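Taking it in order: structure first as structure tokens, then the write-up.
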Amino acid sequence: MIARSVALQDEDDREITSLLGAYIAFATGWLVLSTAVGLIVAFKFAYPEFLTSPYFSFGRLRPIHTNDTFYAWASIALVGLVFYVACKTCATRLYSIKLGWVTLALFNVAAALGTVALDLGFNNGDQEYREWIWWIEALLLIAILTAAYNLIMTVARRKDDDIYLSNWYTMGGIIWTLILSTVAFIPLYQYGLGQVAVQGFFMHNAVGMWFTPLTLGLFYYVLPKLLNRPIYSYALGVLAFWTNLVFYPIIGAHHFIFSPLPWWLQTLAIVFSVAMLVPVWAGSANFLLTMRGRWEQVRRSYALPFVFVGVLGYLLGSTQGTFEAFRSLQAVWHLTNFTVGHSHLTMYTFITFGIWGGIYALVPRATGRAPSLTLAGLHFWLATVGMAIYILALSIGGTIQGLVWMSGAPFIDSVTAIAPDWLWRSIGGSLMFISHLVFAWNVWFMLSGGERVISRVEPISEVA
Amino acid sequence: MSRDGRLVAIAGGSGLVYLVLAILMGVLPGMALSKTAPGPGVIPLTAEQQAGRAVYVAEGCSYCHTQQVRPLAMDKVFGRPSAPGDYAYQTPELLGSERTGPDLTNVGVRQPAEVWQYIHLYDPRAVVPQSIMPSYHWLFKVVPTTPQGETPVALPPAYAPKSGVVIPTARAKALVAYLLSLKQPALPPDMEKAARESEQAMAPAKPAAGQGAAAGGTAAKGFDYASTGPNLYGANCAACHGAQGTGVAGAFPPLADDPVVTTANPTDHVKIVLDGLHGKSIGGTAYGGQMPAFATQLTDEQIAAIVDHERTSWGNHAPTVTPSDVARIRKGGK
């Protein structure tokens, strides 16, 4: 079954290749922009008078950084890759290439307008990850709707009767997010504390019901493809799919532990945060066992190390999330910079590395142009070292911050105490940003630069 | 299962499961909690305060400042634990997820001086040297001379523009009006009791006894840095009077060499800390700011520690006081 489903299609589908290329090119542009903004924001912690202007102020740039990494970089890249994976696993063409271009345009227009509006001070009330004002948010909603329709219609045209696991995750993620965005978008029932409850639900699900399933779906295609062996356990993947679906929506309130939200809602969120270990460990084990014994191949590949780090990011970031939900640990870490470290461990180490793995695995196959191994390696090591410094610095700094608060010292002491860690964060962030420039160069090379170098594309092999 | 059945089961089935969970975990709690009645004393904002809240939102203040006091010992400095009824008129909600700067739930009580808020917004480092908050120059305008009916911001010379005076714009005035409106109404006795109980339940590692309802956190045995004079002064007084007791010229009086602080009889000194001060002229300078009253925020021990620190630092050499002195003055004694 797997052999048939994952089988690579030989047909030279120029249309899907140029669509994929456009998604990746725009996503890469957004990555460079949003992380440049992130870097400016990071330096403001060490140099608060750096770029004193309303248009470069912390309060306006921070949501630009988060929304653009979410809805421009990661969403555009993942939707592009998901379309491609659907075509390959279903051995069919995309339902509508034209609609695919419309989706891309909608994502880009929403992100561009959202960026400008936030910079001018127009936002939807500092509600994390839904800061875009309502009509820009509506454009994003339509973008997701068109993508969902295109994806489902493509899977409906599949050659086999079975639906390969990747498409479970990608279809699920896109449908759930459509429901989530609609629920979060309607303001009619969200007032005061009610809005806090919806916000907790939304901000958590926006990550775990969108980026997580799409990236996992990508892993389920890319790993068997690159390693030339089937996924370790199809059943484990199915288990993880349903448990993630049932447990994840219940844990949103763990973002508001110790808040005036009902105590039972917070406790329920903590209990199911523990339950989340089932899908997380099932999924991670499945990927790691698929890689087992093939480490030499991982080492020599330019795509697999990214996927490997992505899997580790999934395992560590999600497990950390479970522990952070405990009240005893929340008491130290809640509201500190530890949380920022956690969100980078998940959105960067898991999602962004996962996307890079997908791009390096699939784009050369589509275009026949591979990046230089040296530059892919440079990208990998700059990003990995930078990310490690970044997360360590904020995890240590956030812990210190919490301990200073608990000691009863004046608040300002918590600001001065973690200043060295903020500087380290800027250093790590700089390495990450430089790696994105290298990545952008590699993307350009894979899409249009240089000669076609099919020989350097990793061996395309049929899954046994 | 049929070919179409598979697609319906996976896409439709999982979508339906999610829809049910989204209603149960998002929509229904949202609807129910939106009906939370305002707590006693919780009132809607005025039009100007509302406009100030919009500035707060537009500038993204809540990315660094929370507005939720947790039932934890460390949060006591920010006020009583937040109650559901506190948020009745707060849409969009501004609870926040990071506390890079202090919580602002009760900032109108903790920092009631308009002039401090203006100086701090124009350049936070003018009053808190270690602050990393951005300067909000664009909420102010620099004019050659003070227009009629306007009060220039009393900036220390090092932070003032080279020429002209700094005047708050309407947006700055609205923002400050909003910040000063952030005052927690007292809880009714039964809720107060419940809040204290949950607080104790939440802080098993902290021996919370001994300090009553006062700020300052722990009451560990033996030496406790948190309750020392320099520490309490840093947390409660230094923002206006300066870490070195120098004050801010024209805005906040210095404590070094101040007649009330250095005189042998401590009664006036302790009284001012207990009750606050407003509209006093000291050494020929009229100070417009409002000093908050600390009587309900600090214990006798804490006030004695602060007063002693002020009376023995920065070249001051005045006789010190004991907690029982403070208790006596609190009761109206001399």
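Going down the list, the sequences are from chains G and V. Sequential numbering of the first sequence, starting at 1, is according to the working numbering. Sequential numbering of the second sequence, starting at 1001, is according to the working numbering. Just so it is clear, CB atoms sit at the ideal spot from N, CA and C, and this is done for glycine as well. In this text, all values refer to a predicted model and were calculated from it rather than measured experimentally.
Pick from the options: whose alpha carbon is nearest that of residue i?
| i | options | result |
| --- | --- | --- |
| G/PHE201 | V/ALA1226, V/LEU1028, V/ASP1123 | V/LEU1028 |
| G/PHE445 | G/PHE122, G/ALA419, G/ARG369 | G/ARG369 |
| G/VAL222 | G/TYR302, G/ASP161, G/GLY449 | G/TYR302 |
| G/TYR232 | G/VAL415, G/PHE247, G/ALA282 | G/ALA282 |
| V/LEU1045 | V/ALA1174, V/PRO1266, V/THR1263, V/ILE1303 | V/ALA1174 |
| V/GLY1279 | V/VAL1248, V/ARG1330, V/PRO1253, V/TRP1138 | V/PRO1253 |
| V/LEU1021 | G/ARG300, G/GLY252, G/ILE400 | G/GLY252 |
| G/MET291 | G/PRO230, G/GLY321, G/LEU245, G/PHE326 | G/PRO230 |
| G/PHE26 | G/ALA110, G/LEU394, G/TYR164, G/GLN320 | G/ALA110 |
| V/MET1025 | G/THR374, G/ALA285, G/PHE380, G/GLY194 | G/GLY194 |
| G/LEU31 | G/TRP73, G/ALA275, G/PRO54, G/ILE24 | G/TRP73 |
| V/TRP1138 | V/ALA1249, V/ALA1158, V/VAL1109, V/PRO1168 | V/PRO1168 |
| G/THR339 | G/HIS255, G/GLU15, G/ILE186, G/LEU261 | G/HIS255 |
| G/ARG365 | G/LEU81, G/ALA206, G/ASN67, G/THR66 | G/LEU81 |
| G/ALA361 | G/TYR220, G/THR92, G/ASN108 | G/TYR220 |
Measure the CB-CB distance between residue i and residue j and report whether it falls below 8 Å.
| i | j | result |
| --- | --- | --- |
| G/PHE306 | G/GLY377 | no |
| G/THR416 | V/GLN1111 | no |
| G/MET432 | G/GLY402 | no |
| G/VAL246 | V/VAL1008 | no |
| G/ILE355 | G/LEU78 | yes |
| G/TRP441 | G/ALA46 | no |
| V/ALA1305 | V/THR1228 | yes |
| G/SER395 | G/VAL404 | no |
| G/VAL298 | G/THR349 | no |
| V/PRO1189 | V/PRO1040 | no |
| G/HIS344 | G/THR35 | no |
| V/ASN1106 | V/LYS1183 | yes |
| V/GLN1302 | V/LEU1255 | no |
| V/ALA990 | V/GLN1049 | Any question about residue 990 of chain V goes unanswered here, given that chain V covers just 1001 to 1334. |
| G/LEU315 | G/VAL280 | yes |
| V/SER1034 | G/GLN190 | yes |
| G/LEU261 | G/VAL207 | no |
| G/ASN67 | G/TRP132 | yes |
So, is residue i buried or exposed, given that buried needs 16 or more other C-beta atoms within 10 angstroms?
| i | result |
| --- | --- |
| V/ASP1257 | exposed |
| V/ASP1384 | What the structure shows of chain V is the stretch from 1001 to 1334, and residue 1384 of chain V is not part of that stretch, so it cannot be assessed. |
| G/GLY398 | buried |
| V/ALA1219 | Low confidence applies to V/ALA1219: its pLDDT is 41, below 50, so where it sits in the model is not reliable enough to give any reading. |
| V/ASN1236 | buried |
| V/ALA1069 | A quick correction: the sequence has Val, not Ala, at residue 1069 of chain V. It is buried - the Cβ of V/VAL1069 has at least 16 other Cβ atoms within 10 Å. |
| G/PRO249 | buried |
| G/PHE50 | exposed |
| G/LYS225 | buried |
| V/ILE1010 | buried |
| V/THR1296 | exposed |
| V/ALA1213 | Per-residue confidence for V/ALA1213 stands at a pLDDT of 39, beneath the threshold of 50, marking its modelled position as unreliable; the derived number appears in the next sentence. So V/ALA1213 ends up on the exposed side. |
| V/MET1001 | exposed |
| V/ALA1037 | exposed |
| V/SER1163 | exposed |
| G/ILE16 | buried |
| V/ALA1113 | buried |
| V/ASP962 | Here chain V covers residues 1001 to 1334 and nothing more, so residue 962 of chain V does not appear. |
Report the residues of the segment 394-422 of chain G with a CB closer than 7 Å to any CB of chain V, ordered along the chain.
TRP405, MET406, SER407, GLY408, ALA409, PRO410, PHE411, ILE412, VAL415, THR416
Is it the case that the segment 47-58 of chain G contacts the segment 122-132 of chain G, given that we only count it when at least three CB pairs across the two stretches are under 8 Å?
no
So does the segment 1051-1060 of chain V actually touch the segment 206-214 of chain G, counting three or more Cβ pairs closer than 8 Å?
no
Within 7 Å of chain V by C-beta, residues of the segment 166-189 of chain G in sequence order
TRP168, MET171, GLY172, ILE175, TRP176, ILE179, LEU180, VAL183, TYR189
When you check each C-beta in the segment 115-138 of chain G against every C-beta of chain V, which residues fall closer than 8 Å?
GLY121, PHE122, ASN123, ASN124, GLY125, ASP126, GLN127, GLU128
Would you call the segment 154-172 of chain G in contact with the segment 107-119 of chain G, where contact means no fewer than 3 C-beta pairs closer than 8 Å?
no
Identify each residue in the segment 1079-1097 of chain V for which the Cβ-Cβ distance to at least one residue of chain G is less than 9 Å, and report them in chain order.
PRO1081, SER1082, ALA1083, PRO1084, GLY1085, ASP1086, TYR1087, ALA1088, TYR1089, GLN1090, THR1091, PRO1092, GLU1093, LEU1094, LEU1095, GLY1096, SER1097
Between the segment 48-62 of chain G and chain V, which residues of the former have CB atoms less than 8 Å from a CB of the latter, in chain order?
PRO48, GLU49, THR52, SER53, PRO54, SER57, PHE58, GLY59, ARG60, ARG62
Decide yes or no for the touch test of the segment 136-154 of chain G against the segment 92-99 of chain G: beta carbon pairs closer than 8 Å, at least 3 of them.
yes
Going along the segment 1134-1156 of chain V in order, which residues come within less than 7 Å of chain G, judged by CB to CB distance?
PRO1134, SER1135, HIS1137, TRP1138
Counting Cβ pairs closer than 8 Å, one from the segment 323-338 of chain G and one from the segment 260-273 of chain G, do we hit at least three?
yes
Beta carbons nearer than 9 Å to chain G: which residues of the segment 1095-1122 of chain V have them?
LEU1095, GLY1096, SER1097, GLU1098, ARG1099, THR1100, GLY1101, PRO1102, ASP1103
Just checking, does the segment 1147-1156 of chain V make contact with the segment 1261-1279 of chain V on the three C-beta pairs under 8 Å criterion?
no
Is the segment 79-93 of chain G in contact with the segment 34-43 of chain G, if contact means three or more CB pairs nearer than 8 Å?
no
Beta carbons nearer than 8 Å to chain G: which residues of the segment 1171-1187 of chain V have them?
none
With 8 Å as the limit, tell me which residues of the segment 142-161 of chain G have their beta carbon closer than that to any beta carbon of chain V; keep them in chain order.
ILE152, VAL155, ALA156, ASP161
Taking Cβ-Cβ distances below 8 Å as the criterion, which residues of the segment 1033-1046 of chain V are in contact with chain G?
LEU1033, SER1034, LYS1035, THR1036
Name the residues in the segment 275-294 of chain G whose C-beta lies less than 7 Å from a C-beta of chain V; which are they?
none
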